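Residue numbers (the working numbering), protein chains in the order written: chain A, 7 to 319; chain B, 13 to 425; chain C, 3 to 251.
C-beta: ideal position from N, C-alpha, C; glycine also.
Just so we're clear, the structure is a prediction, and the values are computed from it rather than from any experiment.
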Amino acid sequence: MLEIIVFSTLNGLLYGLLLFMLSSGLTLIFSMMGVLNFAHASFYMLGAYFAYALGLHVGFWPALLLSPLLVAGLGAVVERFGLRRVHEHGHVAELLFTFGLAYVIDETVHLLWGSIPVSYTAPDYMRAPLFSLFGTDYSIYRGVTMLIAILMFAALWYLLKKTRVGMMIRAALTHGAMVGHLGHNVPRLFMGVFAFGCALAALAGVIGGPLLSTEPGMAQSLGPVVFVVVVVGGMGSLLGAFYASLLIGLVQTFFVALDVSIGDLLNAVGFAVDPYGEVTGITLASIAPMTPFILLVLILIFRPRGLMGELEP
Amino acid sequence: MSLRLSPWRALAPWLISLLVLLVIPLLVSSNGTFSIINLIAINIVFALSYNMLLGQGGMLSFGHAVFFGLGAYGAIHVMNLIGDAGYDGQGFWAHFPVYLLPLVGFATGALAALLVGWPFCRRAGTAFAMITLGLGELVAAGSQMFPTVFGGEAGVFSNRMVGPVWFGLELAQPADVYWFSAFWVLLAVFAMWAFTRTPLGRMSNAVRDNAERLQFIGYPPRNLRFLVFIAAGGFAGLGGGMAAVNYEIVTPESLGLLTSGLALLMAAVGGLGVFYGPIVGAIVVTVMNSLLSDYTDASILYVGLVFLAVVMFAPAGLGGGVEQVRQSWRRGELTRQLPGWLGGAVSVLLIALGLVASIELVYQLSHGRDKLAQVLGLQPDPSSPLVWLGVVALFAAGYGVARASKNYREARS
Amino acid sequence: MSHALTIDDLKKSFGPAEVIRGVNLRVEKGEVHAVIGPNGAGKSTFFNLVSGAFAPTSGEVRLHGQRIDGLAPEKIQQRGLARSFQVSNVFGNLSVFENLRCACFKQCAAGYTFWRPAASVKRANRRAEEVLAMIGLADLRDSPAGALPYASQRALEIGMTIAGEADVVLLDEPTAGMSNTETTQAIELIRQVAEGRTLMIVEHDMGVVFELADRISVLVYGEIIATGTPEAIRNDPRVKEAYLGEEAA
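Pasting the structure below:
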């Protein structure tokens, strides 16, 4: 039992941090530009695939750096020539644009790399155990991933709170027009933020790819969860996104790890039900993929502004 | 444009549609073509029901397939009930013709929307988009847990040749199903069109345009959104019912995000602002999906690119474009404006050709030759720089024509 | 004389800022009552409280003796109080006629109707045509409201407000941003609107106020410092000091 708790906590935290890496970019983009970037998870997938493709030529670590840069460049192009163009038609048009973009990116990945997972893995020495607990290994790579995620979080915090660009971004979050009047180039700031957000997503893909699986469905399976994080955390709140990421990461991981059915739970609290019935036989593990969305619907009904958000979406 | 049309002008589109539906079977004989046409009919109903939400009511939904899928499940389960009741000929379902199953779909879809819709309709905009996305994912994931209802991965099968047959209307071949589809698509389109003319239809436009003001003329926006949501759910379910009869199988895929996205795609490509837009969109997207997939693996990519192009360059959709031309014609400005538009169309065509060429070439590099190239009789060599020069030339020409026609348009406006 | 609107000790705070600080006002049936005051006095907030856009922090609003404070806007509208907006607030993609007809549906209990065409709701159509003629937009009947010229949009705004046959009408700066000719036309329209109705109007243009109003209330810093006939207000030293003083100087 203790083993399950320890490893589920570790894995849940890792998954949560990956989610946060994705959702922080999405939150930044949303709160700056008011655009809910539907293609965000597609950039995450591109990050993984680029790292895989580059890694074949330049090795794992350089690819880990190059891939987010490449995706950032792509993001800048998308913002400059796509989003900026549809901006005048309003938010629905922007959402539709990113929706179409997700479609196109996902299909392109399908075409280029096929529909089965590619073997994007960490170098062998990284897969050695970092430590062993209760006879289960925890690989170095997981440790490194967590370290990178935490470093990224620290860097993001430093960037936003301590640097001039960060101040401009924070000012533009609340008083977009004013920042423009003060002579700053807001369109370029937007482009930069969009590119940066895409790079964060790509970084999540780069380090998450070897852990999860690098396959063309990865964007579609994670994308909606990232939206849930952003809404549950409160639209535009980075801290909220952080809490929501960890919450969802932990809940989902624990649900998967616990080999318990609804019937078992009901029996444990005193109901006498058949643990193998159609409803009562459902295991928590099979509910796990649904938990984010259950949370989302509950939040939107009972607390529409999310955990930390100030405004209703 | 006057809203008071003469009765003939108002009837004309319906008479023409009826005529087209009657003529199609005279021209078409292959079952494959009938299958595509039946699918178009289903998609028309689905796309129009989606537009009741987005285009008419201003609610961007990412979970509309839930009602389509549930409608389909409702219909297919009833189809099985009819089949079972057929053994002894007893009970209500033994006398229920499969022909009327879309009604079951409508009821299921509307009921589902009625049950879940109220908390969703508090707000439109991003909140609505997100909560419907959540609903879609929830139902799609949840469907895996109840195999007796949703049939697991494989779905639920049935057989449509059961129950009583009215007026000799059998449902054996796709050609038979054609009459079934034609009947229901005409009925559903008419009903949805009529809906736009009712007070509720008008008020749904009002809530889209300005929900705040609506309160001050006496209506809470939420109630109106809710009613529209139910109606849209019902019609989506009707489409689902048609699909259940057409395919005799319903899978959980029909509930998921991809299916919801298809509705959005069709409606937006056709145009959200014109009633017939989604019909055009459904036809174009379905035909593209069905035909292209025979020739190229990139068919979905092409559909996505068409969608992107519409969102970027023609936000009013194909239907909006048709309206623009019509109005210009009515004002007698068509001869002046047409060259500019044609120029734009030519540039889009050139750039599209360039895109298709580069996609196929890249595909060839990674997977070997696609069938599309063979069909066109081309044997390009992706390693030859000349071929790529040709692609660049297409893009450049497209860009040039686009610039020229833009200048032309601006000079004349 | 009975009161159409009775407002007692109405207060509204946004966080620590008290914007409306105890307003007491009686609006008599059938009068045209203007609320004036310097910028930032809280006139718009006051209207928003009475019409239900905001719920008051404390105090009472009565319409024909019945409490309406804290009710939702649509409930207040149903009881016969309608308002216009300072910034044109119409259904931009709908035609002028459709805007008016939608505003008439409540009176016919037809807004939720989906079993018959809107054209068959005779009373709403008749009423919409009436108002259309009254506000002088018959020529623009089928144009989308969002594409109207500014003054026409303002007229439509007033038309939508009265289309529902409310007997108490609040007009928020109906002539703001209009040229002189347009203002003259607007005054004429408001006069017509006032017939048989109680009118409360917020207005910056003093010419309009003194031309139209039976009585005037002066709102300064969230309080009404004076109420009276135009003559009395013109001569009130407190008003001069607080408001007209600047203009007189």
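Option in C:Cys110, C:Lys45, C:Arg64, C:Leu173 with minimal Cα separation from Asn91 of chain C: One-based indexing of the third sequence puts residue 91 of chain C at position 89. Sorting C:Cys110, C:Lys45, C:Arg64, C:Leu173 by C-alpha distance to the C-alpha of Asn91 of chain C places C:Leu173 at the top.
Looking only at its chain, what residues have a beta carbon closer than 6 Å to the beta carbon of Ile143 of chain B, apart from the 5 residues adjacent to it on each side? Within the second sequence, residue 143 of chain B is the residue found at index 131, counting from 1. These residues qualify, in order along the chain: Phe132.
In this structure, how does DSSP classify Lys14 of chain C when only helix, strand and coil are distinguished? For the purposes of this step, residue 14 of chain C is taken as residue 12 along the third sequence, with counting starting at 1. Per DSSP, reduced to three states, the secondary structure at Lys14 of chain C is strand.
Length of the line joining the Cα atoms of Arg85 of chain C and Val171 of chain C: Numbered from its first residue, the third sequence carries residue 85 of chain C at position 83. Numbered from its first residue, the third sequence carries residue 171 of chain C at position 169. Each residue's alpha carbon lies about 6 Å from the other.
The beta strand (DSSP E) enclosing Val295 of chain C, as first and last residue numbers: Outside the modelled stretch of chain C, which goes from 3 to 251, sits residue 295 of chain C, for which no answer is possible.
So, with DSSP's three-state summary, where would you put His66 of chain C? Taking the first residue of the third sequence as position 1, residue 66 of chain C is located at position 64. Residue state, collapsed to three classes: coil.
Assuming Leu250 of chain B and Leu101 of chain A are in contact, meaning their beta carbons sit under 8 Å apart, how far apart are those beta carbons, in whole angstroms? Looking up residue 250 of chain B in the second sequence gives position 238. Looking up residue 101 of chain A in the first sequence gives position 95. Incorrect: roughly 27 Å between the Cβ atoms, too far for contact.
Cα separation between Asp10 of chain C and Gly40 of chain A? Translated into the one-based positions of the third sequence, residue 10 of chain C becomes position 8. Translated into the one-based positions of the first sequence, residue 40 of chain A becomes position 34. C-alpha separation (whole angstroms): 42 Å.
Same chain, Cβ closer than 8 Å to Leu15 of chain B, five either side skipped, listed in chain order: In the second sequence, the residue the question calls residue 15 of chain B occupies position 3. Model confidence at Leu15 of chain B stands at a pLDDT of 48, short of 50, so the residue's coordinates are unreliable and nothing is read from them.
Any C-beta of chain B under 8 Å from that of Pro319 of chain A: Sequence index remark: in the first sequence, residue 319 of chain A carries index 313 (1-based). Here Pro319 of chain A scores only 46 on pLDDT, less than 50, and its place in the model is too uncertain to base an answer on.
Are the CB atoms of Val110 of chain A and Tyr58 of chain A nearer to each other than 8 Å? Locating residue 110 of chain A in the first sequence gives position 104, counting from the first residue. Locating residue 58 of chain A in the first sequence gives position 52, counting from the first residue. No.
Looking at the unbroken beta strand (DSSP E) that takes in Ala84 of chain C, where does it start and where does it end? The residue labelled residue 84 of chain C in the question sits at position 82 within the third sequence. Here the beta strand (DSSP E) through Ala84 of chain C covers 83-85.
Find the residues of chain A that neighbour Asp309 of chain B, judging by a C-beta separation of less than 9 Å, and give them in chain order. As a position in the second sequence, residue 309 of chain B is number 297, starting the count at 1. When 9 Å is used as the limit between beta carbons, Asp309 of chain B is near these residues of chain A: His116, Leu117, in chain order.
Would you verify that the beta carbon of Asp221 of chain B is, or is not, closer than 8 Å to some beta carbon of chain C? For the purposes of this step, residue 221 of chain B is taken as residue 209 along the second sequence, with counting starting at 1. Yes, because at least one Cβ of chain C sits closer than 8 Å to the Cβ of Asp221 of chain B.
Look at the alpha carbon of Phe87 of chain C and the alpha carbon of Glu175 of chain C, and state the distance between them as a whole number of angstroms. Stepping through the third sequence from its first residue, residue 87 of chain C is reached at position 85. Stepping through the third sequence from its first residue, residue 175 of chain C is reached at position 173. So the two alpha carbons sit approximately 8 Å from each other.
Mind checking the region 136-159 of chain A against chain B and listing, in chain order, the residues whose C-beta falls within less than 9 Å of any C-beta there? Per Cβ criterion, the list is empty.
Quick one: which unbroken alpha helix (DSSP H) runs of 4-plus residues sit fully inside the region 47-87 of chain A? Chain order, please. Qualifying alpha helix (DSSP H) stretches, in chain order: 66-84.
What are the residues that DSSP puts in a beta bridge with Tyr62 of chain B? Translated into the one-based positions of the second sequence, residue 62 of chain B becomes position 50. The partner list for Tyr62 of chain B (beta bridge, DSSP) is empty, contrary to what the question assumes.
Presumed contact (8 Å Cβ cut-off) between Gly269 of chain A and Thr297 of chain A, rounded CB distance: For the purposes of this step, residue 269 of chain A is taken as the residue at position 263 of the first sequence. For the purposes of this step, residue 297 of chain A is taken as the residue at position 291 of the first sequence. So it is not a contact: roughly 18 Å between Cβ atoms.
Within 7 Å of chain A by C-beta, residues of the region 219-247 of chain B in sequence order: Those residues of the region 219-247 of chain B placed with their C-beta closer than 7 Å to a C-beta in chain A do not exist.
Once you ignore the five residues that flank Gly246 of chain B on each side, which residues in its own chain have a CB closer than 6 Å to its CB? By 1-based counting over the second sequence, the position of residue 246 of chain B is 234. Excluding five sequence positions before and after Gly246 of chain B, the CB atoms of its chain that fall closer than 6 Å to its own CB belong to Phe118, Gly121, Ala122, given in chain order.
Could you give the C-beta distance for Ala405 of chain B and Val360 of chain B, rounded to a whole number, given that I count them as a contact under 8 Å? Within the second sequence, numbered from 1, the residue matching residue 405 of chain B stands at position 393. Within the second sequence, numbered from 1, the residue matching residue 360 of chain B stands at position 348. Contact flag wrong, Cβ pair sits at about 16 Å.
Measuring only between beta-carbons, confirm whether Ala47 of chain A sits less than 8 Å from chain B. Residue 47 of chain A sits at position 41 when you count from the first residue of the first sequence. Judged by the 8 Å Cβ criterion, Ala47 of chain A is not in contact with chain B.
Taking DSSP as the reference, what is the three-state secondary structure of Met13 of chain B? Here residue 13 of chain B is taken as the residue at index 1 of the second sequence, counted from 1. Note that Met13 of chain B scores a pLDDT of 39, beneath 50, so its modelled location is shaky and nothing firm can be said.
Considering Cα atoms alone, identify which of C:Arg199, C:Gly94, C:Asp207 is closest to Ser154 of chain C. Against the third sequence, residue 154 of chain C aligns to sequence position 152. That would be C:Gly94, whose Cα lies nearest to the Cα of Ser154 of chain C.
Of the choices A:Val12, A:Trp67, A:Leu32, A:Tyr144, whose alpha-carbon is the least far from that of Arg133 of chain A? Residue mapping note: residue 133 of chain A aligns to position 127 of the first sequence, counting from 1. The shortest Cα separation from Arg133 of chain A among A:Val12, A:Trp67, A:Leu32, A:Tyr144 belongs to A:Tyr144.
Output needed for Ile269 of chain C: all residues of its chain with C-beta closer than 7 Å, excluding positions within five of it in sequence on either side, in chain order. No answer is possible for residue 269 of chain C: the residues shown for chain C start at 3 and end at 251.
To the nearest angstrom, how far is it from the Cα of Ile363 of chain B to the Cα of Ala275 of chain B? For the purposes of this step, residue 363 of chain B is identified with residue 351 of the second sequence, where counting begins at 1. For the purposes of this step, residue 275 of chain B is identified with residue 263 of the second sequence, where counting begins at 1. For Ile363 of chain B and Ala275 of chain B, the gap between their C-alpha atoms comes out near 26 Å.
Taking the CB atoms as reference points, tell me whether Met300 of chain B and Val318 of chain B lie closer together than 8 Å. As a working note, residue 300 of chain B is residue 288 in the second sequence. As a working note, residue 318 of chain B is residue 306 in the second sequence. Yes; because the gap between Cβ atoms is below 8 Å, this pair is in contact.
Between Gly410 of chain B and Ala416 of chain B, what straight-line distance do the alpha-carbon atoms span, to the nearest angstrom? Numbered from its first residue, the second sequence carries residue 410 of chain B at position 398. Numbered from its first residue, the second sequence carries residue 416 of chain B at position 404. Approximately 10 Å between the Cα atoms of the pair.
List the whole-angstrom C-beta distance separating Ala308 of chain B from Ile48 of chain B, where the pair is believed to meet the contact cut-off of C-beta under 8 Å. For the purposes of this step, residue 308 of chain B is taken as the residue at position 296 of the second sequence. For the purposes of this step, residue 48 of chain B is taken as the residue at position 36 of the second sequence. Correcting the residue identity first, residue 308 of chain B is Thr in this sequence and not Ala. Between Thr308 of chain B and Ile48 of chain B, the beta carbon gap of about 17 Å keeps them out of contact (Cβ cut-off 8 Å).
Can you tell me whether His76 of chain B is helix, strand or coil according to DSSP? The count along the second sequence starts at 1 and reaches residue 76 of chain B at position 64. Reduced to three states, the DSSP call for His76 of chain B is coil.
Among A:Leu32, A:Ile35, A:Ser48, A:Leu23, which has the Cα closest to the Cα of Gln226 of chain A? One-based indexing of the first sequence puts residue 226 of chain A at position 220. Ranking A:Leu32, A:Ile35, A:Ser48, A:Leu23 by Cα distance to Gln226 of chain A puts A:Ser48 first.
Along the beta strand (DSSP E) that carries Gly70 of chain B, what are the first and last residues, could you check? For this step, residue 70 of chain B is matched to residue 58 along the second sequence. DSSP places Gly70 of chain B in no beta strand (DSSP E); its state is neither H nor E.
Taking the beta strand (DSSP E) that Met202 of chain C falls in, what are its first and last residues? As a first step, residue 202 of chain C must be located in the third sequence, where it is residue number 200. Looking at the DSSP string, the run of the beta strand (DSSP E) that includes Met202 of chain C is 200-204.
Could you name the residues of the same chain whose beta carbon sits closer than 7 Å to that of Ile22 of chain C, not counting the 5 residues immediately before and after it, in chain order? Sequence index remark: in the third sequence, residue 22 of chain C carries index 20 (1-based). If we look at Ile22 of chain C and ignore the five residues flanking it on each side, its Cβ neighbours are Leu12, Lys13, Lys14, Gly44, Thr47, Phe48, Leu51, Gly224.
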